[in-house]
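Engineer: Numbering (my numbering), first residue to last: 440 to 699.
Ideal Cβ placement from N, Cα and C applies to all residues, glycine included.
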């Protein structure tokens, strides 16, 4: 089942900057897809179209429903957005109240709200922090609390913008573990290519608002010419893999030369 689809998606900012230039994207339900690219490639802009934070030319569909200004409220019940800066979505006196905000806005009764809050905080490992003020949390805990605010709404698609930004190695590892265990469709924009290798089923690479590559992480991210052109680097964990591919091509070339 297709969870998210875009067709010829284009967007130009008011200052004339073209951020997206004909993006075609298909994400299957349950997939983890990484959106990669250098600064200004269009990653965040693409993500903001998926739940109606921005509207451009072309088509965006979520589980077959067109994303339009008229459908945006309904789409946001399907697509949860986790911002790069968790302080952008943590504004209540306690963590539990922040997590409860979404379910309450959905009109759920108090008992159901409490159940959702408890489940979401348990999933991200913050049950013991429920009554703490968000500003007392570490950056990693804030990131997980922001994720919990979306999980509590039981969205079918999770969109995360630079989720590892500002995290120490432990926080990064914990976040990756939580993400890989979730059943929802997950779309992750990140500069952290090692993280993409660890958590993503597929990746797409954007350059100047266009999709220039898509596929399995170990195939896309070992293309040294692509990495060089798009301002990225082969992840350290895949460098030996890339070197092996290069050696295989060299060996095959030498063998063919020897046959002539």
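#1: With 16 as the cutoff for other CB atoms within 10 Å, does residue 491 come out buried or exposed?
#2: Let me know the secondary structure DSSP gives residue 630 once reduced to three states.
#3: What would DSSP say about residue 519, mapped onto helix, strand or coil?
#4: Taking just the CA atoms, how far does residue 451 sit from residue 473?
#5: Consult DSSP for residue 504 and reduce its assignment to one of helix, strand or coil.
#6: Put residue 610 into one of helix, strand or coil per three-state DSSP.
#7: Is residue 645 helix, strand or coil by DSSP?
#8: Do the region 573-586 and the region 491-503 meet, that is, are 3 or more Cβ pairs less than 8 Å apart?
#9: Beta-carbon separation of residue 588 and residue 528 under 8 Å?
#10: Check this for me: beta carbons of residue 560 and residue 569, under 8 Å apart or not?
#11: When burial is assigned at 16 or more other CB atoms within 10 Å of the CB, is residue 541 buried or exposed?
#12: Express the C-alpha separation of residue 470 and residue 660 in angstroms, rounding to a whole number.
#13: Considering only C-alpha positions, which residue in the set 648, 662, 679 is nearest to residue 456?
#14: Taking 6 Å as the limit between beta carbons, can you name the residues of its chain near residue 599, skipping five residues before and five after?
#15: As an exercise, report each continuous beta strand (DSSP E) stretch of at least 3 residues that is fully enclosed by the region 458-504, in chain order.
#16: Would DSSP call residue 603 helix, strand or coil?
#17: How many angstroms separate the CA atom of residue 566 from the CA atom of residue 557?
#18: To the nearest angstrom, report how far apart residue 525 and residue 585 are at their CA atoms.
#19: Scan the region 558-605 and note each continuous beta strand (DSSP E) run of 3 residues or more that stays entirely inside, going in chain order.
#20: Between which two residues does the alpha helix (DSSP H) carrying residue 442 extend?
#21: Could you give the distance in angstroms between the alpha-carbon of residue 593 and the alpha-carbon of residue 515?
#22: Quick one: Cα of residue 506 to Cα of residue 657, how far?
#23: For residue 624, which three-state DSSP category applies?
#24: If distances are taken between C-alpha atoms only, which option among 662, 624, 664, 677 comes closest to residue 637?
#25: Would you kindly work out how many angstroms separate the C-alpha atoms of residue 631 and residue 603, rounded to a whole number?
#26: According to DSSP, is residue 509 part of a helix, a strand, or is it coil?
#27: Could you check if residue 526 belongs to the surroundings of the ligand NAP, using beta carbon to heavy atom distance under 7 Å?
Structural biologist: Working from what's here:
#1: Looking at its Cβ environment, which holds 16 or more other Cβ atoms inside 10 Å, residue 491 is buried.
#2: If DSSP states are grouped into helix, strand and coil, residue 630 belongs with coil.
#3: Under the three-state reduction of DSSP output, residue 519 falls in the strand class.
#4: Taking the Cα positions, residue 473 is about 23 Å away from residue 451.
#5: Of the three classes helix, strand and coil, the one that applies to residue 504 here is strand, per DSSP.
#6: Helix.
#7: Three-state result, residue 645: strand.
#8: Segment contact: the region 573-586 against the region 491-503, fewer than three CB-CB distances shorter than 8 Å; contact not assigned.
#9: It is a contact, given that the beta carbons lie within the stated cut-off.
#10: Between residue 560 and residue 569, the C-beta gap is smaller than 8 Å, which places the two residues in contact.
#11: So residue 541 counts as buried.
#12: C-alpha separation (whole angstroms): 18 Å.
#13: Distances from the CA of residue 456 to each of 648, 662, 679 were compared; the closest alpha carbon is that of 648.
#14: The residues are 521, 627.
#15: If you keep only unbroken beta strand (DSSP E) runs of at least 3 residues inside the region 458-504, you get 471-475, 496-501.
#16: Here residue 603 sits in coil by DSSP.
#17: Using only the alpha carbons, I get a separation of about 7 Å.
#18: In a straight line, the C-alpha of residue 525 is about 6 Å away from that of residue 585.
#19: Secondary structure remark: continuous beta strand (DSSP E) runs of at least 3 residues inside the region 558-605, in chain order: 596-600.
#20: No alpha helix (DSSP H) holds residue 442; the beta strand (DSSP E) holding it covers 441-451.
#21: Computed Cα separation, rounded: 11 Å.
#22: If I take the Cα positions, the gap works out to 32 Å.
#23: In the structure shown, the three-state DSSP call for residue 624 is strand.
#24: Nearest C-alpha to residue 637: 677.
#25: If you draw a straight line from the Cα of residue 631 to the Cα of residue 603, it is about 7 Å long.
#26: Note: residue 509 maps to coil in three-state DSSP.
#27: The ligand NAP is not part of this structure, which contains no ligands at all.
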